[in-house]
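Trainee: The structure under discussion is supplied below as structure tokens; questions concerning it will follow.
There are 2 protein chains.
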Amino acid sequence: MARPTIADIANRAGVSKGAVSFALNGRPGVSDATRERILKIAEQMSWRPHSAARALGEGRVDSVGMVIARPARTLGVEPFFAHLLSGVQSGLSAESISLQLLIVEDTKAEIEVYRRWASEHRVDGVILVDLTVKDLRVDELKALELPAVVIGGRGGKGALASVWADDRDAMLSIVEYLAALGHRRIAHVAGTPVFQHTQRRIRAVRDAAPRLGLIDAPSLTTDFSDAEGAATTRKLLSQANRPTAIVYDSDVMAVAGLGVAMEMGVSVPGDLSIVAFDDSILTQLMHPALTALSRDTFDFGRQAAEVLLEVIADPTQVINRRTADPVLTVRESTAPPA
Amino acid sequence: MARPTIADIANRAGVSKGAVSFALNGRPGVSDATRERILKIAEQMSWRPHSAARALGEGRVDSVGMVIARPARTLGVEPFFAHLLSGVQSGLSAESISLQLLIVEDTKAEIEVYRRWASEHRVDGVILVDLTVKDLRVDELKALELPAVVIGGRGGKGALASVWADDRDAMLSIVEYLAALGHRRIAHVAGTPVFQHTQRRIRAVRDAAPRLGLIDAPSLTTDFSDAEGAATTRKLLSQANRPTAIVYDSDVMAVAGLGVAMEMGVSVPGDLSIVAFDDSILTQLMHPALTALSRDTFDFGRQAAEVLLEVIADPTQVINRRTADPVLTVRESTAPPA
DNA sequence: TGGGTTTGATAAACCGGTATAGCTCCTGCA
DNA sequence: TGCAGGAGCTATACCGGTTTATCAAACCCA
Numbered sequence: 051m052a053r054p055t056i057a058d059i060a061n062r063a064g065v066s067k068g069a070v071s072f073a074l075n076g077r078p079g080v081s082d083a084t085r086e087r088i089l090k091i092a093e094q095m096s097w098r099p100h101s102a103a104r105a106l107g108e109g110r111v112d113s114v115g116m117v118i119a120r121p122a123r124t125l126g127v128e129p130f131f132a133h134l135l136s137g138v139q140s141g142l143s144a145e146s147i148s149l150q151l152l153i154v155e156d157t158k159a160e161i162e163v164y165r166r167w168a169s170e171h172r173v174d175g176v177i178l179v180d181l182t183v184k185d186l187r188v189d190e191l192k193a194l195e196l197p198a199v200v201i202g203g204r205g206g207k208g209a210l211a212s213v214w215a216d217d218r219d220a221m222l223s224i225v226e227y228l229a230a231l232g233h234r235r236i237a238h239v240a241g242t243p244v245f246q247h248t249q250r251r252i253r254a255v256r257d258a259a260p261r262l263g264l265i266d267a268p269s270l271t272t273d274f275s276d277a278e279g280a281a282t283t284r285k286l287l288s289q290a291n292r293p294t295a296i297v298y299d300s301d302v303m304a305v306a307g308l309g310v311a312m313e314m315g316v317s318v319p320g321d322l323s324i325v326a327f328d329d330s331i332l333t334q335l336m337h338p339a340l341t342a343l344s345r346d347t348f349d350f351g352r353q354a355a356e357v358l359l360e361v362i363a364d365p366t367q368v369i370n371r372r373t374a375d376p377v378l379t380v381r382e383s384t385a386p387p388a
Numbered sequence: 051m052a053r054p055t056i057a058d059i060a061n062r063a064g065v066s067k068g069a070v071s072f073a074l075n076g077r078p079g080v081s082d083a084t085r086e087r088i089l090k091i092a093e094q095m096s097w098r099p100h101s102a103a104r105a106l107g108e109g110r111v112d113s114v115g116m117v118i119a120r121p122a123r124t125l126g127v128e129p130f131f132a133h134l135l136s137g138v139q140s141g142l143s144a145e146s147i148s149l150q151l152l153i154v155e156d157t158k159a160e161i162e163v164y165r166r167w168a169s170e171h172r173v174d175g176v177i178l179v180d181l182t183v184k185d186l187r188v189d190e191l192k193a194l195e196l197p198a199v200v201i202g203g204r205g206g207k208g209a210l211a212s213v214w215a216d217d218r219d220a221m222l223s224i225v226e227y228l229a230a231l232g233h234r235r236i237a238h239v240a241g242t243p244v245f246q247h248t249q250r251r252i253r254a255v256r257d258a259a260p261r262l263g264l265i266d267a268p269s270l271t272t273d274f275s276d277a278e279g280a281a282t283t284r285k286l287l288s289q290a291n292r293p294t295a296i297v298y299d300s301d302v303m304a305v306a307g308l309g310v311a312m313e314m315g316v317s318v319p320g321d322l323s324i325v326a327f328d329d330s331i332l333t334q335l336m337h338p339a340l341t342a343l344s345r346d347t348f349d350f351g352r353q354a355a356e357v358l359l360e361v362i363a364d365p366t367q368v369i370n371r372r373t374a375d376p377v378l379t380v381r382e383s384t385a386p387p388a
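Residue numbers (our numbering), protein chains in the order written: chain A, 51 to 388; chain B, 51 to 388.
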């Protein structure tokens, strides 16, 4: 018989459906002898609970969702999401909870998805990425009463649970490293200013500049694309007093920047040092290989999953978990200034 | 009231649950007046069907699954999957069917997932990628009676539905292009020989060689990693009669190969032409930008979703749909041999 | 030996939809 | 006037689990 139900098992064992349910869920109400008999039969018939039936009875569907709101075009070059996803899954697999992934164009569409998921009871909770400065999603999720955890930001006034790394410290470690090499003109090619992490990184550079005696430390914002990364680099390198080091907020932009430098005959790391805020195979494929900040993205995802499950279990609590600090991996793209 | 049920609507409208169900699903059994009244009330209460309840009643859960069996480490650099995913979603969104994504380490784990999904009724069907020569998954899915569609291969003896592009023609177009430029020593850095598409590409090169008068046209297999791509390139370029052109089965390997060439002082495209079998931002970020074969991966995914939905609707049919042919995008990495 | 508690089980309700049998009332036609 | 037939709706069973109320038998202690 394909796909047996507990009624089938009850029949075979000569007991009621209720008894089977008790036995399979390890709760009192049946004798040890009966329990074992039922378990053995269930095993033989290779029974597994029907997810929808369970979801209907209990309140939960054993599924969580994650929406990525970026144009598909800009997605995928960075291994960031692939690693994050794997981590999330490893955190969920222990409880055999499934993950729904959706890639949408913008935040508006993302919020629509949350509404639909909530009203159709498709997920027990969601994981948020790319938190913006005034993030509409936070209030929306609160209103929907949908458990959520924010990755890489502090959930806005303690409203949502979060898993975060210290972007400020990370950026400081990069700038301090460059300053220690002797660099005094350091530029920062940042991402979109609407992202909270972008803001934090910009502030870190600005605050550290006077202390480290930097002559100039501009942060220039972009849309995270390779095109704007390249354009911004070109602008920086065309200045009279051009920087001797550039920090890029993503590996893709750093690679684009390296390309521009080579084109313009600016040698790396001789005339220009380059650091990427995110690490990946990309940075290692380059010649020279790029010095980059390595974050344990997999662990990031795993912890987010764990926190989400805790929040689902008890929605009243607000957890803010800090993850391991990122470390700077020095490669061939950084050296003392000429 | 949060999350109203059809019983609530029936109450408000003063009709039975059945009438509400008829009205909401647009089937006969209620008068137009009543129907409109019910629809208006449902709209007011912002009712949406409870996915689990619906799944339990009808046979389907309105959800399909996709498992990617690759080590997370090697994943994500290629935009391939991100684009594929977006395409799949766009094909599913019309019917508001959700997608479950899982990244696992190997095929064994993948098959386990299918078993679980089937027994727990978590998905209505699945999408397969990376078909291998003797693929265990095909028989397994047949046994589980789980509707499936294969991307990029012909589902093994017509067993499963499929969506495929002509890898053979694509490879021929590359080799013919290089031959037309005057190249006679062309090497092929292939992927894993267990993949069907790898085999087809290798055969295409071998078959075309005599016709095009190629002196030498070896296909060397790798594990698709940048490391083996680089190592193989080094070997090729160290030979006495080294090739004047190399075709790589992936963009990542092509980039790695370009790095090796530069390191060894082999100028591209002066001394060596490079072509990547897959296109992405990666190939465009390079200097020189790489000539690459562009496939409409998004459309690939969209069509796979469509075919899967058809197969779910009628599991007896076997659809084999051929997608648009890939086109060669010529950039700066190819030129006539010196 | 009798009354109260515990143990092990059952039957039935319930979750939120869909499908179906059946009922009432109206209409048309002989 | 009677009756067939259809429109419009209700009541109810059902999907596959969980949970609760109920109940019989065994057990305990005085």
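Even glycine gets a Cβ: it sits at the ideal position worked out from N, Cα and C.
With C-beta atoms as the reference, is B:P99 less than 8 Å away from A:E170?
Mentor: Counting from one through the second sequence, the residue named residue 99 of chain B turns up at place 49. Counting from one through the first sequence, the residue named residue 170 of chain A turns up at place 120. It is a contact, given that the beta carbons lie within the stated cut-off.
Trainee: Which runs of the alpha helix (DSSP H) spanning at least 4 residues fall entirely within the region 302-363 of chain B, listed in chain order?
Mentor: Entirely contained in the region 302-363 of chain B, the alpha helix (DSSP H) runs reaching 4 residues are, in chain order, 331-335, 347-363.
Trainee: When you compare only the Cα positions, how much space is there between A:I296 and A:K158?
Mentor: Along the first sequence, one-based indexing puts residue 296 of chain A at 246. Along the first sequence, one-based indexing puts residue 158 of chain A at 108. Straight-line Cα distance between these residues: approximately 34 Å.
Trainee: Near A:V255, which residues of its chain fall below 7 Å by C-beta distance, leaving aside the five closest residues on each side in sequence?
Mentor: Here residue 255 of chain A corresponds to residue number 205 of the first sequence, with the count starting at 1. Hits under 7 Å: M221, V225, H238, A267, S269.
Trainee: Please report whether the beta-carbon of A:Q150 lies at a distance below 8 Å from any beta-carbon of chain B.
Mentor: Taking the first residue of the first sequence as position 1, residue 150 of chain A is located at position 100. Yes - at least one Cβ of chain B is within 8 Å of the one on A:Q150.
Trainee: Could you work out which residues of chain B lie near A:E356, taking near to mean beta carbons separated by less than 7 Å?
Mentor: On the first sequence, residue 356 of chain A is found 306 positions in, with the first residue counted as 1. Correct list: empty, because the minimum Cβ distance to chain B is about 18 Å.
Trainee: Could you tell me if A:D185 is buried or exposed, where buried requires 16 or more neighbouring beta carbons within 10 angstroms of its beta carbon?
Mentor: On the first sequence, position 135 is the one that residue 185 of chain A refers to. Label assigned to A:D185: buried.
Trainee: What do you get for B:M312, buried or exposed, if any count of 16 or more other CB atoms within 10 angstroms of its CB means buried?
Mentor: One-based indexing of the second sequence puts residue 312 of chain B at position 262. Exposed, because fewer than 16 other Cβ atoms sit within 10 Å of the Cβ of B:M312.
Trainee: If you run the structure through DSSP and keep just helix, strand and coil, what is A:S390?
Mentor: In the structure as shown, chain A starts at 51 and stops at 388, and residue 390 of chain A therefore has no counterpart that could be examined.
Trainee: Would you mind working out which of B:A105, B:G109, B:F131 sits nearest B:V117, comparing C-alpha positions?
Mentor: Start at 1 with the first residue of the second sequence, and residue 117 of chain B comes out as number 67. Nearest of B:A105, B:G109, B:F131 to B:V117, Cα basis: B:F131.
Trainee: Return the bridge partner residues of B:H238 from the DSSP annotation.
Mentor: For the purposes of this step, residue 238 of chain B is taken as the residue at position 188 of the second sequence. Paired residues: B:S269, B:V297.
Trainee: At least one CB of chain B closer than 8 Å to the CB of A:G175: is that the case?
Mentor: Your numbering for residue 175 of chain A matches position 125 in the first sequence. Not one chain B Cβ lies under 8 Å of A:G175.
Trainee: At the level of alpha carbons, what is the spacing between A:G137 and B:R87?
Mentor: Reading the first sequence from its first residue, position 87 is the one you call residue 137 of chain A. Reading the second sequence from its first residue, position 37 is the one you call residue 87 of chain B. Straight-line Cα distance between these residues: approximately 48 Å.
Trainee: Does DSSP classify B:T182 as helix, strand or coil?
Mentor: Along the second sequence, read from residue 1 onward, the residue named residue 182 of chain B stands at position 132. The answer is strand: DSSP assigns B:T182 an E or B state.
Trainee: What separation, rounded to the nearest whole angstrom, lies between the Cα atoms of A:Q289 and A:T283?
Mentor: Your numbering for residue 289 of chain A matches position 239 in the first sequence. Your numbering for residue 283 of chain A matches position 233 in the first sequence. Near 10 Å, if we compare the C-alpha coordinates of A:T283 and A:Q289.
Trainee: Use the C-beta contact count for A:V368: other C-beta atoms within 10 angstroms, 16 or more gives buried, fewer gives exposed.
Mentor: What you label residue 368 of chain A is simply residue 318 of the first sequence in a count that begins at 1. Its Cβ having fewer than 16 others within 10 Å, A:V368 is exposed.
Trainee: Around the Cβ of A:D112, are there at least 16 other Cβ atoms within 10 angstroms (buried) or fewer (exposed)?
Mentor: Here residue 112 of chain A refers to the residue found at position 62 when the first sequence is read from its first residue. Buried, by the Cβ-count rule.
Trainee: Closer than 8 Å, Cβ to any Cβ of chain B: which residues of the region 347-381 of chain A, in chain order?
Mentor: Answer in chain order: F348.
Trainee: Run through chain A and tell me which residues come within less than 7 Å of B:G309, C-beta to C-beta.
Mentor: Numbered from 1 along the second sequence, position 259 holds the residue referred to as residue 309 of chain B. Correct list: L335, H337.
Trainee: Return the residue from the list A:A306, A:D321, A:D189 that minimises the CA-CA distance to B:L335.
Mentor: By one-based count along the second sequence, residue 335 of chain B stands at place 285. Out of A:A306, A:D321, A:D189, A:A306 has the C-alpha closest to the C-alpha of B:L335.
Trainee: Could you tell me the boundaries of the beta strand (DSSP E) in which A:R371 lies?
Mentor: Mapped onto the first sequence, residue 371 of chain A falls at position 321. Element bounds for A:R371: 370-372.
Trainee: Can you tell me the Cα-Cα spacing of A:L106 and B:A102, whole angstroms?
Mentor: Position 56 of the first sequence holds residue 106 of chain A. Position 52 of the second sequence holds residue 102 of chain B. Taking the straight line from one Cα to the other gives about 6 Å.
Trainee: For A:V325, return the contacting residues in chain B, with the cut-off set at a CB-CB distance below 7 Å.
Mentor: Locating residue 325 of chain A in the first sequence gives position 275, where the first residue counts as 1. Ordered by position in chain B, no residue passes the 7 Å Cβ test against A:V325, which lies about 18 Å from the chain.
Trainee: Who are A:M116's beta bridge partners in DSSP?
Mentor: Residue numbering aside, residue 116 of chain A sits at position 66 when the first sequence is read from its first letter. DSSP output for A:M116 lists A:L151, A:I177 as bridge partner(s).
Trainee: Using beta carbons (cut-off 8 Å, strictly below), is A:P293 in contact with chain B?
Mentor: As a first step, residue 293 of chain A is located in the first sequence; it is residue number 243 there, counting from the start. No, A:P293 lies away from the interface with chain B (no Cβ there is under 8 Å from its Cβ).
Trainee: First and last residue of the beta strand (DSSP E) that includes B:T379?
Mentor: By one-based count along the second sequence, residue 379 of chain B stands at place 329. Start and end: 377-379.
Trainee: Compare the C-beta of B:L287 with all C-beta atoms of chain A and state if any pair is closer than 8 Å.
Mentor: What you label residue 287 of chain B is simply residue 237 of the second sequence in a count that begins at 1. It does not: the Cβ of B:L287 has no partner Cβ on chain A nearer than 8 Å.
Trainee: On a Cα-Cα basis, can you pick out the residue from B:E360, B:S81, B:S344, B:G351 that is closest to B:L378?
Mentor: For the purposes of this step, residue 378 of chain B is taken as residue 328 along the second sequence, with counting starting at 1. Considering only alpha carbons, the answer is B:S344.
Trainee: On the DSSP letters alone, give me the boundaries of the beta strand (DSSP E) that A:V225 sits inside.
Mentor: As a position in the first sequence, residue 225 of chain A is number 175, starting the count at 1. Note, A:V225: premise wrong, no beta strand (DSSP E); alpha helix (DSSP H) at 217-231.
Trainee: Identify the contact partners of B:V111 in chain A, using a Cβ-Cβ distance below 7 Å as the criterion.
Mentor: For the purposes of this step, residue 111 of chain B is taken as residue 61 along the second sequence, with counting starting at 1. Ordered by position in chain A, the residues that pass the 7 Å Cβ test against B:V111 are A102.
Trainee: For A:S169, return the contacting residues in chain B, with the cut-off set at a CB-CB distance below 9 Å.
Mentor: Along the first sequence, read from residue 1 onward, the residue named residue 169 of chain A stands at position 119. The answer, in chain order, is R53, S96, W97, R98, P99, H100.
Trainee: Per DSSP, B:W214 forms a beta bridge with which residues?
Mentor: Taking the second sequence and counting its residues from 1, one reaches residue 214 of chain B at position 164. Beta-bridge pairing links B:W214 to B:R372.
Trainee: Going by the DSSP bridge assignment, what does A:A198 pair with across the sheet?
Mentor: Reading the first sequence from its first residue, position 148 is the one you call residue 198 of chain A. Paired residue(s): A:V176.
Trainee: Nearest by alpha-carbon distance to B:I324: which of B:W167, B:G351, B:L340 is it?
Mentor: Position 274 of the second sequence holds residue 324 of chain B. Among B:W167, B:G351, B:L340, the Cα nearest to that of B:I324 is on B:L340.
Trainee: Find the residues of chain A that neighbour B:E278, judging by a C-beta separation of less than 8 Å, and give them in chain order.
Mentor: Position 228 of the second sequence holds residue 278 of chain B. Neighbours of B:E278 on chain A: none; closest Cβ ~13 Å, over 8 Å.
Trainee: Please confirm whether A:G141 and A:R352 have their CB atoms less than 8 Å apart.
Mentor: Mapped onto the first sequence, residue 141 of chain A falls at position 91. Mapped onto the first sequence, residue 352 of chain A falls at position 302. Cβ distance < 8 Å, so A:G141 and A:R352 count as in contact.
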